[in-house]
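Numbering of the sequence shown is given in the working numbering, commencing with residue 416 and proceeding in unit increments.
Working notes, beginning with the structure itself.
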Amino acid sequence: MELLDSRRLTGPGLLLDRPGAVADVTVADDRRDDVIAAWRDAVIRMLNAVGWGGERIVARRFAGGASLAITAPPDALYAAADLNEWAWAAAEAAIRHEPEPDFEPAAERLREAIAGERNPGMLAIRSAARSRGLTFLSGEETVSVGAGTGVLCWPAGDLPAPDRIEWSRAHDIPVALVTGSNGKTTVVRLLAAMAAAAGRVTGVTSTEGVLVAGRPLAEGDYSGPEGARLALRQEEVEVAILETARGGLLRRGLTVERAAVAVVTNIAADHLGEFGVQDLRQLAETKLLVARAVGARGRVVLNADDPVLVESSAGIRAPIVWFSMEAGNATVQQHAERGGAAVVQDGGALVLLAGWERQIVARVDAMPLAAGGIARHNIANALAAAGAAGGLGIPLDAVRSTLARFGRDPADNPGRANVYDVGGIRVVVDYAHNPHGMTALAATLDTLPSERRLVMLGQAGDRDDQAIRDLARAALALRPDRVVLKEMDAYLRGRAPGEVPAVMADELRRAGLPDGAISAPGTEIPAVREALAWARPGDLLVLALHQERRGVHELLETLRERGWTAGEPLPDPA
Numbered sequence: 416m417e418l419l420d421s422r423r424l425t426g427p428g429l430l431l432d433r434p435g436a437v438a439d440v441t442v443a444d445d446r447r448d449d450v451i452a453a454w455r456d457a458v459i460r461m462l463n464a465v466g467w468g469g470e471r472i473v474a475r476r477f478a479g480g481a482s483l484a485i486t487a488p489p490d491a492l493y494a495a496a497d498l499n500e501w502a503w504a505a506a507e508a509a510i511r512h513e514p515e516p517d518f519e520p521a522a523e524r525l526r527e528a529i530a531g532e533r534n535p536g537m538l539a540i541r542s543a544a545r546s547r548g549l550t551f552l553s554g555e556e557t558v559s560v561g562a563g564t565g566v567l568c569w570p571a572g573d574l575p576a577p578d579r580i581e582w583s584r585a586h587d588i589p590v591a592l593v594t595g596s597n598g599k600t601t602v603v604r605l606l607a608a609m610a611a612a613a614g615r616v617t618g619v620t621s622t623e624g625v626l627v628a629g630r631p632l633a634e635g636d637y638s639g640p641e642g643a644r645l646a647l648r649q650e651e652v653e654v655a656i657l658e659t660a661r662g663g664l665l666r667r668g669l670t671v672e673r674a675a676v677a678v679v680t681n682i683a684a685d686h687l688g689e690f691g692v693q694d695l696r697q698l699a700e701t702k703l704l705v706a707r708a709v710g711a712r713g714r715v716v717l718n719a720d721d722p723v724l725v726e727s728s729a730g731i732r733a734p735i736v737w738f739s740m741e742a743g744n745a746t747v748q749q750h751a752e753r754g755g756a757a758v759v760q761d762g763g764a765l766v767l768l769a770g771w772e773r774q775i776v777a778r779v780d781a782m783p784l785a786a787g788g789i790a791r792h793n794i795a796n797a798l799a800a801a802g803a804a805g806g807l808g809i810p811l812d813a814v815r816s817t818l819a820r821f822g823r824d825p826a827d828n829p830g831r832a833n834v835y836d837v838g839g840i841r842v843v844v845d846y847a848h849n850p851h852g853m854t855a856l857a858a859t860l861d862t863l864p865s866e867r868r869l870v871m872l873g874q875a876g877d878r879d880d881q882a883i884r885d886l887a888r889a890a891l892a893l894r895p896d897r898v899v900l901k902e903m904d905a906y907l908r909g910r911a912p913g914e915v916p917a918v919m920a921d922e923l924r925r926a927g928l929p930d931g932a933i934s935a936p937g938t939e940i941p942a943v944r945e946a947l948a949w950a951r952p953g954d955l956l957v958l959a960l961h962q963e964r965r966g967v968h969e970l971l972e973t974l975r976e977r978g979w980t981a982g983e984p985l986p987d988p989a
């Protein structure tokens, strides 16, 4: 038995419909029920001791463990996590027939912690905002109501009484929550471009950072709660498009509980095994948390070509807009017969369906992002964005104009199938980070002519060995003559240096790639330099980049400016 993780939930999550705390534990399946019963007994006793008798207690079982959760007042979540950890320790002791951790000292310590955390002013504003149907956000030492042009913010330690707030100044703005295993960032960028084409000031969050009106406000991975709060608290923002990662949903729950649109692009095997999510159905349940934020006047945009999403959509209460690469998709057809909306690819065009009414949104061959129709994953991303745009109040003309130009410039969608022709070789830079993404990239590049092919790839250490092997094997669809394995040193996440590349190399050898065709020179920049040094005119290099995209872009531009030709020595590193 082991406590794997203990965390606060600031919003609704997989187990709870309101804030609380959750702990993930390992326990043998044959002892799990006894352990959960002992934990529940300890929780009840301690909840009563601290005066929280009305809270919910929930356990979710999974192979080899469980997630143990309790609801709690929103202004005492650190104490709630401590309480949950004490209850787990008490359960461990009971199962092992050991003395229980001292109850009364723990109860007194928790009562003091609760008193120290209490913020009745925050709870009063939260209640007043919710009663008015307004977004409420707390965190980062700030409390806010409303969003964007209608946001009001205060320091968490200096809050006004609700009756002193000018509620007439507070309002929400259209918000889209975008999640899925692949394509999230591209859909976010498309929606942001569509909103900008309609003259709206956008607030955008993604794994790349936070942008306001296209200007960077913060750089890095802001696809979680911190990014959402930062974007929604910018007073000039008129519409927000928020990439909403699975990790943030599992760690903190649903931060934004009011949205006009939620988008789920697809469900693919990635991150399985983390936080007790062990299969695709549980992963779909996690990602579909974003649908809870959408009301009856909003829309939830889902991939009708994804059987797991179709199966998991039954409990969604908001109107659904399906998108599909096939006009004859059975889910779309049944939905249209009932008067529902959808966006499909039909006869080389993106077509918006409202019942049996049809409107052509764009021709695929006129969409730069579609690369003449071979980038099928980007056609799907365009369908998702087109389906979401109307829910944000973006007119169809802005959708059309965006799809007609987006992707001409690599800066439109950096790191996503960006092509550089330099020194007689072609270099494709992409974010492909899971087998689904790698397979889609291989399909896109399948017909590109090349003398030889090289693939550079790597993986974060938080994936299990099988997921790492699956990515390595998926890369073979690119038919590489050489594979360069990179170390993702910022994402070791408990792995030893060199461990992930070694697993990948072993899988590539099992698949028949000779030792001489595999190398592991280190982190991204050394790996890219090795790939370029190997190349000769006519070759294709496919570089899966995650950390050093800017540095690689600068290197490739430097080579182009200097007239470098493949086969010549590379300039010394700066």
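Just so you know, even glycine gets a beta-carbon here, dropped at the ideal spot from N, CA and C.
{"Query": "Whole angstroms are fine: how far does the CA of Ala-764 sit from the CA of Tyr-637?", "Result": "34 Å"}
{"Query": "Mind checking whether Ala-706 and Leu-647 have CB atoms under 7 Å apart?", "Result": "no"}
{"Query": "Using DSSP with H/G/I as helix, E/B as strand and the rest coil, what is Asp-761?", "Result": "strand"}
{"Query": "Mind checking whether Ala-708 and Val-671 have CB atoms under 7 Å apart?", "Result": "yes"}
{"Query": "Using the Cα positions of Ala-804 and Val-779, report the straight-line distance between them to the nearest angstrom.", "Result": "18 Å"}
{"Query": "Between the beta-carbon of Ser-482 and the beta-carbon of Val-450, is there less than 7 Å?", "Result": "no"}
{"Query": "Report the option in Thr-564, Arg-423, Met-919 and Thr-600 whose CA atom is closest to the CA atom of Arg-831.", "Result": "Thr-600"}
{"Query": "Please report the distance separating the alpha-carbon of Pro-984 from that of Met-903.", "Result": "26 Å"}
{"Query": "On a Cα-Cα basis, can you pick out the residue from Arg-977, Gly-598, Val-619 and Leu-695 that is closest to Gln-649?", "Result": "Val-619"}
{"Query": "Looking at the structure shown, is Ile-588 part of a helix, part of a strand, or coil, going by DSSP?", "Result": "coil"}
{"Query": "Count the other CB atoms within 10 Å of the CB of Asp-587; is the residue buried (16 or more) or exposed (fewer)?", "Result": "buried"}
{"Query": "Is DSSP giving Thr-854 helix, strand or coil here?", "Result": "helix"}
{"Query": "Can you tell which of Arg-666, Ala-521, Gly-572 and Thr-550 has the C-alpha that lies nearest to the C-alpha of Pro-535?", "Result": "Gly-572"}
{"Query": "For Ile-775, which beta-bridge partners are listed by DSSP?", "Result": "Val-766"}
{"Query": "Alpha carbon to alpha carbon, how far is Thr-441 from Gly-480? Give it in angstroms, no decimals.", "Result": "4 Å"}
{"Query": "Assuming Ser-421 contacts Ala-521 (C-beta within less than 8 Å), just tell me the rounded distance between them.", "Result": "Incorrect: roughly 15 Å between the Cβ atoms, too far for contact."}
{"Query": "Near Arg-964, what residues of its chain come up, given a Cβ to Cβ distance below 8 Å and the 5 sequence neighbours on each side ignored?", "Result": "Pro-829, Gly-830 and Val-844"}
{"Query": "Do Ala-494 and Leu-525 have their beta-carbon atoms positioned less than 7 Å apart in this structure?", "Result": "yes"}
{"Query": "Please state the DSSP three-state secondary structure of Ile-933.", "Result": "strand"}
{"Query": "Give me, in chain order, the residues of the same chain whose beta-carbon lies closer than 7 Å to that of Thr-854; leave out the 5 immediate sequence neighbours on both sides.", "Result": "Ala-889 and Ala-892"}
{"Query": "For the alpha helix (DSSP H) holding Asn-744, just list the boundary residues, first then last.", "Result": "Unbroken run through Asn-744: none, as it is neither H nor E."}
{"Query": "Taking the straight line between their C-alpha atoms, what separation do you get for Asp-761 and Ala-813?", "Result": "21 Å"}
{"Query": "Counting only runs of 3+ residues fully inside the region 852-894, write out the beta strand (DSSP E) ranges in chain order.", "Result": "868-872"}
{"Query": "Keeping to the same chain, check which residues put their C-beta closer than 8 Å to that of Val-967; ignore five residues upstream and five downstream.", "Result": "Val-844, Glu-939, Ile-940, Val-943, Leu-958 and Leu-960"}
{"Query": "With a threshold of 16 other CB atoms inside 10 Å of the CB of Trp-771, please say whether the residue is buried or exposed.", "Result": "exposed"}
{"Query": "Is it the case that the region 573-584 contacts the region 747-755, given that we only count it when at least three CB pairs across the two stretches are under 8 Å?", "Result": "no"}
{"Query": "Beta carbon of Thr-617, beta carbon of Ala-799: below 7 Å?", "Result": "no"}
{"Query": "Alpha carbon to alpha carbon, how far is Thr-973 from Ala-948?", "Result": "15 Å"}
{"Query": "Could you say if the region 653-662 and the region 591-599 meet the contact criterion of at least three C-beta pairs nearer than 8 Å?", "Result": "yes"}
{"Query": "For the structure I just gave you, are there three or more beta carbon pairs, one from the region 716-728 and one from the region 691-698, closer than 8 Å?", "Result": "yes"}
{"Query": "Give me the residue from Trp-503, Met-416, Gly-876 and Arg-476 with the minimum Cα distance to Arg-459.", "Result": "Correcting the residue type first, residue 459 is Ile in the shown sequence and not Arg. The shortest C-alpha separation from Ile-459 is found at Trp-503."}
{"Query": "Give me the Cβ distance between Arg-661 and Lys-702, rounded to the nearest whole Å; I'm assuming they're in contact under 8 Å.", "Result": "6 Å"}
{"Query": "Just tell me which of Ala-677, Met-416, Arg-815 and Arg-791 has its CA closest to the CA of Ser-739.", "Result": "Arg-791"}
{"Query": "Using the Cα positions of Gly-808 and Ser-542, report the straight-line distance between them to the nearest angstrom.", "Result": "29 Å"}
{"Query": "Taking only the alpha-carbon atoms, compute the straight-line gap between Glu-532 and Leu-429 and give it to the nearest angstrom.", "Result": "25 Å"}
{"Query": "Could you give the uninterrupted runs of the beta strand (DSSP E) lying entirely in the region 582-646, keeping only those of 3 residues or more?", "Result": "590-594, 617-621, 624-627 and 630-634"}
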